[in-house]
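Taking it in order: structure first as structure tokens, then the write-up.
Protein chains in written order, with the numbering used here: chain U, 1 to 382; chain W, 1001 to 1127.
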């Protein structure tokens, strides 16, 4: 049978049967079969077999194409079988052709499915690229918005800074007209503050000679004078635990024991009164203005607080205020006129001069005293 | 003969084969490292079914993605089903489920069914 694989004989055999047995598809089969036959028993056959085995050994391919490999092996066995008759050989050829056709169909299917998968992959890549671009655009927009946000935040911070400064100014202003604790309570929302204090001392002063002076100099000069003098009194406030209440014309009103209660309220008020007299003496010596000052003091309970909704003023109410005011109006220039209550509070510390009973409007006769000797002041002040 | 069940993993689909119902379903993406190793038990289950049951078999494929070696295994499954179809007289029905927005998967299903004599249905689904 060896002679039938000679090139001429074998080439003729499949061609003769092509039209009647396998149709057009056999053309491919014929070429492949011819190639296999021609290489049968040659060194190239061994090389191709080794090459196929190497390919099949890769990544479980041999397992996947097990049946196909069996077909290949079977084909080889047919080629090496020299006992087959020509008819038997043609029969094997027909079966192998069918196998080959099936494999071709499978290969075509897998190729097309692979193409579909690849197209899907490419489409997915395109979609991802489009999405990536969209994300980039969104990122870019986000960055722009972030920049604008940053600018807005900076502006807000700047405004906050300005607002903070303005707030500080407002707070300072508030603290300038109200005691800190009272200002804090107002900020926290309390709209009416009226606190009762059992032990306080209220002080009133009045400039003597002011009316005459007012007829000699201009009102502007008078106001400047008062401003200078009262500013000096204000300066003293830093050194004494007393609270300035207000000025009324040329009168300066203060109190101790409010808004923070203190046991030596009368002592501190008296010390401040002496300090005001000393300051006035210095002022007169410096300016030459012929003015003096009456001071009145009384100790007792008051109600302190803020009422109304506009132009807040921390003020005092009660008889103690009225009596202190009477002490001032019934006093004498350069002296501190005190009620008996003050006398009892401070007689161990200061020397007093008894003035006798005087008629206090609305109160009747009251024993009053002049606090006259600052040298007897036993206070130790820094 | 027993039922077959594979739980879905990142690279392999859920596989459910119920002998009593004559039903096999493969659902999920398929790109295992070794496709043959994964699909071999399914081939065997089908061959056993063919040998022992000889009755109607419904097969669902619902696979949003499969790699090339998986597609070869699907072809082999279809070949087995085709053989069963010839021997059991048309008692096989295959349904190819595809995402209604995935025309490519419909096309792949049609490609796979091309030349088969099985009853092969295409059913869209939406998430």
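A virtual CB, placed ideally from N, CA and C, is assigned to each residue, including glycine. Predicted model only: the values in this text are computed from it and were never measured.
Could you name the residues that DSSP lists as bridge partners for residue 274 of chain U?
-> For the purposes of this step, residue 274 of chain U is identified with residue 274 of the first chain, where counting begins at 1. Its beta-bridge partners do not exist; DSSP assigns none.
Under a three-way DSSP split, which group does residue 349 of chain U fall into?
-> As a first step, residue 349 of chain U is located in the first chain; it is residue number 349 there, counting from the start. DSSP places residue 349 of chain U in coil when its eight states are reduced to three.
Just tell me which of W:1116, W:1077, W:1105 has its CA closest to the CA of residue 1044 of chain W.
-> Sequence index remark: in the second chain, residue 1044 of chain W carries index 44 (1-based). Closest option to residue 1044 of chain W, Cα to Cα, is W:1077.
Scan the stretch 86–132 of chain U and note each continuous alpha helix (DSSP H) run of 4 residues or more that stays entirely inside, going in chain order.
-> If we require 4 residues or more, the stretch 86–132 of chain U turns out to have no alpha helix (DSSP H) run fully inside it.
Using 8 Å as the limit for Cβ to Cβ distance, is residue 81 of chain U near chain W?
-> Position 81 of the first chain, counted from the first residue, corresponds to residue 81 of chain U. Output row for residue 81 of chain U: interface = no.
Does the beta carbon of residue 95 of chain U sit closer than 8 Å to a beta carbon anywhere in chain W?
-> Position 95 of the first chain, counted from the first residue, corresponds to residue 95 of chain U. By this cut-off, residue 95 of chain U is not an interface position.
Find the nearest neighbour of residue 121 of chain U within the set W:1017, W:1018, W:1068, judged by alpha-carbon distance.
-> Within the first chain, residue 121 of chain U is the residue found at index 121, counting from 1. The shortest Cα separation from residue 121 of chain U among W:1017, W:1018, W:1068 belongs to W:1068.
Of the residues that make up the stretch 1091–1116 of chain W, which ones have a beta carbon closer than 7 Å to any beta carbon in chain U?
-> 1104, 1107, 1108, 1111, 1112, 1114, 1115
Which of helix, strand or coil DSSP assigns to residue 209 of chain U | The residue given as residue 209 of chain U occupies position 209 in the first chain. Residue 209 of chain U falls in the coil class under three-state DSSP.
Based on the DSSP secondary-structure assignment, which residues constitute the bridge partners of residue 1097 of chain W?
-> By 1-based counting over the second chain, the position of residue 1097 of chain W is 97. Beta-bridge pairing links residue 1097 of chain W to W:1062, W:1123.
Indicate whether the contact test is met: 3 or more Cβ pairs, each with one atom in the stretch 320–339 of chain U and one in the stretch 290–304 of chain U, closer than 8 Å.
-> Three or more Cβ pairs closer than 8 Å define a contact, and the stretch 320–339 of chain U meets that threshold against the stretch 290–304 of chain U.
Does the beta carbon of residue 127 of chain U come closer than 8 Å to any beta carbon on chain W?
-> Residue 127 of chain U sits at position 127 when you count from the first residue of the first chain. No, residue 127 of chain U lies away from the interface with chain W (no Cβ there is under 8 Å from its Cβ).
Sequence-distant residues of its chain with Cβ nearer than 7 Å to residue 1106 of chain W (five each side left out) = For the purposes of this step, residue 1106 of chain W is identified with residue 106 of the second chain, where counting begins at 1. Within the same chain, residue 1106 of chain W has close Cβ partners 1098, 1122.
How would you write the range of the alpha helix (DSSP H) that residue 396 of chain U sits in, first residue to last?
-> The structure shown has nothing for residue 396 of chain U, since chain U only spans 1 to 382.
Taking DSSP as the reference, what is the three-state secondary structure of residue 155 of chain U?
-> What you label residue 155 of chain U is simply residue 155 of the first chain in a count that begins at 1. DSSP places residue 155 of chain U in helix when its eight states are reduced to three.
Give the range of the beta strand (DSSP E) segment to which residue 339 of chain U is assigned.
-> As a working mapping, residue 339 of chain U is identified with position 339 in the first chain. 336–339 is the span of the beta strand (DSSP E), which, as asked, contains residue 339 of chain U.
Looking at residue 1108 of chain W and residue 116 of chain U, is the spacing between their C-beta atoms short of 8 Å?
-> The count along the first chain starts at 1 and reaches residue 116 of chain U at position 116. The count along the second chain starts at 1 and reaches residue 1108 of chain W at position 108. For residue 116 of chain U and residue 1108 of chain W, yes; Cβs fall inside 8 Å.
Within 8 Å (strictly less), CB to CB, does residue 1030 of chain W reach chain U?
-> Position 30 of the second chain, counted from the start, is the residue given in the question as residue 1030 of chain W. It does not: the Cβ of residue 1030 of chain W has no partner Cβ on chain U nearer than 8 Å.
Cβ contact (3+ pairs, closer than 8 Å) linking the stretch 225–235 of chain U and the stretch 347–356 of chain U = no
The stretch 111–145 of chain U: positions lying closer than 9 Å to chain W by Cβ | Flagged, chain order: 112, 113, 114, 116, 117, 119, 120, 123.
Alpha-carbon to alpha-carbon, residue 95 of chain U and residue 103 of chain U = Position 103 of the first chain, counted from the start, is the residue given in the question as residue 103 of chain U. Position 95 of the first chain, counted from the start, is the residue given in the question as residue 95 of chain U. Near 12 Å, if we compare the C-alpha coordinates of residue 95 of chain U and residue 103 of chain U.
How many Å lie between residue 284 of chain U and residue 300 of chain U at the Cα?
-> Start at 1 with the first residue of the first chain, and residue 284 of chain U comes out as number 284. Start at 1 with the first residue of the first chain, and residue 300 of chain U comes out as number 300. If I take the Cα positions, the gap works out to 33 Å.
Interface positions of the stretch 1070–1086 of chain W facing chain U (Cβ-Cβ less than 8 Å), listed along the chain | 1071, 1072, 1073, 1075
Taking a Cβ distance cut-off of 8 Å, strictly less, list which residues of the stretch 1028–1059 of chain W are near chain U, in chain order.
-> Against chain U - using a Cβ distance shorter than 8 Å - the residues of the stretch 1028–1059 of chain W are 1034, 1035, 1036, 1037.
Please list the residues of the stretch 59–75 of chain U that have a C-beta atom closer than 7 Å to any C-beta atom in chain W, keeping them in chain order.
-> 60, 63, 64
Tell me whether the beta-carbon of residue 366 of chain U lies closer than 8 Å to the beta-carbon of residue 372 of chain U.
-> For this step, residue 366 of chain U is matched to residue 366 along the first chain. For this step, residue 372 of chain U is matched to residue 372 along the first chain. No, they are not a contact pair.
If you pair each beta-carbon of the stretch 194–203 of chain U with each one of the stretch 261–268 of chain U, do three or more pairs fall below 8 Å?
-> yes
Three-state secondary structure (DSSP) at residue 292 of chain U?
-> Position 292 of the first chain, counted from the start, is the residue given in the question as residue 292 of chain U. Residue 292 of chain U falls in the strand class under three-state DSSP.
Inter-residue spacing [alpha-carbon to alpha-carbon] between residue 130 of chain U and residue 1117 of chain W | Position 130 of the first chain, counting from 1, holds the residue named residue 130 of chain U. Position 117 of the second chain, counting from 1, holds the residue named residue 1117 of chain W. Roughly 42 Å between the two C-alpha positions.
Take residue 353 of chain U and list the residues in its own chain whose beta-carbon comes closer than 7 Å to its own, dropping the five residues that flank it on each side.
-> Mapped onto the first chain, residue 353 of chain U falls at position 353. 369, 370, 372, listed in sequence order.
Alpha-carbon to alpha-carbon, residue 181 of chain U and residue 376 of chain U = Start at 1 with the first residue of the first chain, and residue 376 of chain U comes out as number 376. Start at 1 with the first residue of the first chain, and residue 181 of chain U comes out as number 181. Residue placement at residue 376 of chain U is poorly supported in this model, since its pLDDT is 46, which falls under 50; the coordinates are not used for a value here.
Flag this pair as yes or no: are the beta carbons of residue 106 of chain U and residue 1081 of chain W separated by less than 8 Å?
-> As a working note, residue 106 of chain U is residue 106 in the first chain. As a working note, residue 1081 of chain W is residue 81 in the second chain. Not a contact, by the Cβ cut-off of 8 Å.
Where residue 1113 of chain W sits in the DSSP three-state scheme | As a first step, residue 1113 of chain W is located in the second chain; it is residue number 113 there, counting from the start. In this structure, residue 1113 of chain W counts as helix in the three-state DSSP scheme.
Run down chain U in chain order and give the residues with a C-beta less than 9 Å from the C-beta of residue 1009 of chain W.
-> The count along the second chain starts at 1 and reaches residue 1009 of chain W at position 9. Taking a Cβ-Cβ cut-off of 9 Å, residue 1009 of chain W has no neighbours in chain U, whose nearest Cβ is about 18 Å from it.
Determine the extent of the alpha helix (DSSP H) in which residue 1036 of chain W is found, giving its start and end residues.
-> Locating residue 1036 of chain W in the second chain gives position 36, counting from the first residue. 1035–1052 is the extent of the alpha helix (DSSP H) around residue 1036 of chain W.
Using the DSSP secondary-structure output, state which residues sit across from residue 1057 of chain W in a beta bridge.
-> Translated into the one-based positions of the second chain, residue 1057 of chain W becomes position 57. Answer by DSSP bridge pairing, in chain order: W:1092.
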